[in-house]
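K.L.:
Line order of the protein sequences matches chains G and A.
Just so you know, the working numbering puts 148 at position 148 of the first sequence, and the rest follows in order with no gaps.
Just so you know, the working numbering puts 218 at position 67 of the second sequence, and the rest follows in order with no gaps.
Quick reminder that beta carbons are idealized off the backbone N, C-alpha and C, glycines included.
Note that this is a predicted model, so its numbers are computed, not measured.
Protein chains: 2
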Amino acid sequence: MLSQRARYAIRAMFNVAPRAEPVSAARIAAEEAIPRKFLEAILADLKKAGLVESSRGALGGYRLARPGDEISFADVLRVVDGPLALAPCASRTAYRQCDDCRDVETCETRRTLLAVRDATAAILEGRHFGPSGDERPAACAMPPQDARVDS
Amino acid sequence: MLSQRARYAIRAMFNVAPRAEPVSAARIAAEEAIPRKFLEAILADLKKAGLVESSRGALGGYRLARPGDEISFADVLRVVDGPLALAPCASRTAYRQCDDCRDVETCETRRTLLAVRDATAAILEGRHFGPSGDERPAACAMPPQDARVDS
DNA sequence: TGAATTCCTATCAGATCGGTAGGAATTAAA
DNA sequence: TTTAATTCCTACCGATCTGATAGGAATTCA
Chain G
1 MLSQRARYAI
11 RAMFNVAPRA
21 EPVSAARIAA
31 EEAIPRKFLE
41 AILADLKKAG
51 LVESSRGALG
61 GYRLARPGDE
71 ISFADVLRVV
81 DGPLALAPCA
91 SRTAYRQCDD
101 CRDVETCETR
111 RTLLAVRDAT
121 AAILEGRHFG
131 PSGDERPAAC
141 AMPPQDARVD
151 S
Chain A
152 MLSQRARYAI
162 RAMFNVAPRA
172 EPVSAARIAA
182 EEAIPRKFLE
192 AILADLKKAG
202 LVESSRGALG
212 GYRLARPGDE
222 ISFADVLRVV
232 DGPLALAPCA
242 SRTAYRQCDD
252 CRDVETCETR
262 RTLLAVRDAT
272 AAILEGRHFG
282 PSGDERPAAC
292 AMPPQDARVD
302 S
């Protein structure tokens with residue numbers, strides 16, 4: 001599950017993306033119904049990660065640090081929620097071996113989690129805040145199956 | 152991220168799966184290095200969900216409620232960690248509309264999260280507790296790209 | 001100078017997570 | 001019929017995470 005922070009972050013990015021002028025946290029907060037102080041904290045993280053830039057003082061605010069179509073959902077989610085992978089041993093940079101791992105190379109569970117990570121990353125890296133909207137989600141998405149009962 | 156519960160649950164299922172006779176929680180706990188009382192709680196959930204059966208008393212223990220190749224990772228993970236989807240609005244049965252959703256049908260964020268859910272579900276539903284081991288992970292997995300920096 | 005803004009630090013209540021504790025109920029074997 | 005092994009039930013607990021809130025210092029522009 002995405003955290004509330006993550007959902008706010010995505011919404012905020014969509015708010016900032018199309019603008020020519022910097023926009024204040026207060027304004028984003030009002031337009032997106034996000035608690036202002038909470039949003040400030042999120043924007044601080046996005047700034048530290050180099051996704052947005054800020055200017056202080058009157059007329060200050062936030063803008064994208066680079067074109068929207070060069071910033072993906074994956075970029076944002078990693079900043080606020082951390083690695084996409086379902087387990088440290090299935091992460092490609094935040095990799096950490098399981099304490100009790102018998103054999104990293106042949107672990108079938110890990111292999112499965114890596115497949116999930118790669119599929120997830122591929123989709124999330126294909127979705128941008130671009131001015132040009134975006135391509136359809138997914139090379140990788142399956143058509144919903146009727147009998148699929150789940151979540 | 153998977154919870155510790157989820158990782159324990161998967162390991163426990165792999166321990167139970169190949170056995171002819173019921174196996175006790177104490178034994179699984181010892182073999183898999185899982186705190187016994189904690190494992191008991193997890194097995195109770197798996198039982199309630201109909202994935203394992205139990206018998207009490209001496210010689211009691213747990214066994215699969217149906218053949219291992221009819222129980223998927225997805226089944227187990229949903230029991231212990233809840234829906235696979237990254238957001239309630241992207242879940243196919245635990246669906247819940249976002250409070251502030253402008254238009255469910257056209258929400259591009261939701262569309263993306265649905266794609267992620269479907270890809271994830273497809274992989275996790277394709278991995279079973281065998282006896283026949285299992286098919287390779289993923290129709291859907293992408294080959295790891297060298298320059299991919301992430302997690 | 002005044003108003004609008006980012007930025008910094010601190011705090012907090014509630015939920016979740018990972019685990020522990022003790023014992024009642026049940027069952028098979030000795 | 002006792003004994004040992006087991007599931008099952010209820011309760012608890014500390015640490016961490018989550019989703020905020022509070023107050024104000026520093027900066028910038030009109």
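Our contact map puts Arg268/A next to Ala241/A with C-beta atoms below 8 Å; I'd like the distance itself, whole angstroms only.
P.N.:
Start at 1 with the first residue of the second sequence, and residue 268/A comes out as number 117. Start at 1 with the first residue of the second sequence, and residue 241/A comes out as number 90. Distance from Arg268/A to Ala241/A at the Cβ level is roughly 5 Å; contact confirmed, criterion being Cβ atoms closer than 8 Å.
K.L.:
With Phe278/A as the anchor, note down where its alpha helix (DSSP H) starts and where it stops.
P.N.:
In the second sequence, counting from the first residue as 1, residue 278/A sits at position 127. The question names Phe, but residue 278/A in the sequence shown is Arg. Premise fails: Arg278/A is in no alpha helix (DSSP H) and is neither H nor E.
K.L.:
So does Val255/A have its beta carbon nearer than 7 Å to some heavy atom of the ligand GTP?
P.N.:
The ligand GTP is not part of this structure, which contains no ligands at all.
K.L.:
Please list the terminal residues of the continuous alpha helix (DSSP H) segment that includes Glu191/A.
P.N.:
Position 40 of the second sequence, counting from 1, holds the residue named residue 191/A. Counting along the chain, the alpha helix (DSSP H) containing Glu191/A begins and ends at 187-199.
K.L.:
Is the distance from the Cβ of Arg152/G to the Cβ of Pro88/G below 8 Å?
P.N.:
With chain G running from 1 to 151 in the structure shown, residue 152/G is simply not present.
K.L.:
For the candidate residues Leu124/G, Pro131/G, Glu21/G, whose alpha-carbon lies nearest to that of Gly60/G?
P.N.:
The residue labelled residue 60/G in the question sits at position 60 within the first sequence. Looking at the Cα atoms, Glu21/G is the closest of the given residues.
K.L.:
Does the region 192-208 of chain A come close enough to the region 119-126 of chain G that 3 or more CB-CB pairs lie under 8 Å?
P.N.:
no
K.L.:
Note down, in chain order, every chain A residue with its Cβ under 8 Å from the Cβ of Val104/G.
P.N.:
In the first sequence, residue 104/G corresponds to position 104, counting from 1. Within chain A, no residue comes near Val104/G; the closest Cβ sits about 15 Å away, beyond 8 Å.
K.L.:
Starting from Leu228/A, follow the alpha helix (DSSP H) in both directions and report where the run begins and ends.
P.N.:
In the second sequence, counting from the first residue as 1, residue 228/A sits at position 77. From DSSP, the alpha helix (DSSP H) with Leu228/A extends over 224-232.
K.L.:
If you count every other CB in all the chains shown that lies within 10 Å of the CB of Ala6/G, and 16 or more means buried, which is it?
P.N.:
Within the first sequence, the letter at position 6 stands for residue 6/G. The residue is buried, with at least 16 neighbouring Cβ atoms inside 10 Å.
K.L.:
Listed from N- to C-terminal order along the chain, which residues in the region 230-255 of chain A have their beta-carbon within a distance smaller than 7 Å of any beta-carbon of chain G?
P.N.:
Under the 7 Å Cβ criterion, the region 230-255 of chain A contributes Pro234, Leu235, Ala236, Leu237, Ala238, Ser242, Arg243, Thr244, Ala245, Asp251.
K.L.:
So that I know if they touch, is there some Cβ in chain A lying closer than 8 Å to that of Phe38/G?
P.N.:
Counting from one through the first sequence, the residue named residue 38/G turns up at place 38. Contact with chain A is absent for Phe38/G, since none of that chain's Cβ atoms lies less than 8 Å from the residue's Cβ.
K.L.:
So, helix, strand or coil for Tyr8/G, using DSSP?
P.N.:
As a first step, residue 8/G is located in the first sequence; it is residue number 8 there, counting from the start. Tyr8/G: helix per DSSP, three-state reduction.
K.L.:
Answer yes or no: does any C-beta atom of chain A fall closer than 8 Å to that of Val76/G?
P.N.:
Counting from 1 along the first sequence, the entry for residue 76/G is found at position 76. So no, Val76/G is outside the interface.
K.L.:
Which bits of chain A does Val116/G rub up against, with CB to CB less than 7 Å?
P.N.:
Position 116 of the first sequence, counting from 1, holds the residue named residue 116/G. What Val116/G touches in chain A: Thr271, Ile274, Leu275.
K.L.:
Taking only beta-carbon atoms, is Arg278/A less than 8 Å away from chain G?
P.N.:
In the second sequence, the residue the question calls residue 278/A occupies position 127. Judged by the 8 Å Cβ criterion, Arg278/A is in contact with chain G.
K.L.:
Measure from the C-beta of Met1/G to each C-beta in chain A and report whether the shortest distance is under 8 Å.
P.N.:
Taking the first residue of the first sequence as position 1, residue 1/G is located at position 1. Met1/G belongs to the set of residues whose beta carbon lies under 8 Å from a beta carbon in chain A.
K.L.:
Determine the extent of the alpha helix (DSSP H) in which Arg178/A is found, giving its start and end residues.
P.N.:
In the second sequence, the residue the question calls residue 178/A occupies position 27. Run containing Arg178/A: 176-183, per the alpha helix (DSSP H) assignment.
K.L.:
Return the bridge partner residues of Ser205/A from the DSSP annotation.
P.N.:
Locating residue 205/A in the second sequence gives position 54, where the first residue counts as 1. Looking at the DSSP assignment, Ser205/A forms a beta bridge with Tyr213/A.
K.L.:
I'd like to check one pair, Arg261/A with Val255/A: are the Cβ atoms closer than 8 Å?
P.N.:
By 1-based counting over the second sequence, the position of residue 255/A is 104. By 1-based counting over the second sequence, the position of residue 261/A is 110. Contact flag set, yes.
K.L.:
Nearest-angstrom Cα distance between Phe189/A and Asp81/G?
P.N.:
By 1-based counting over the second sequence, the position of residue 189/A is 38. By 1-based counting over the first sequence, the position of residue 81/G is 81. Cα to Cα, Phe189/A sits roughly 27 Å from Asp81/G.
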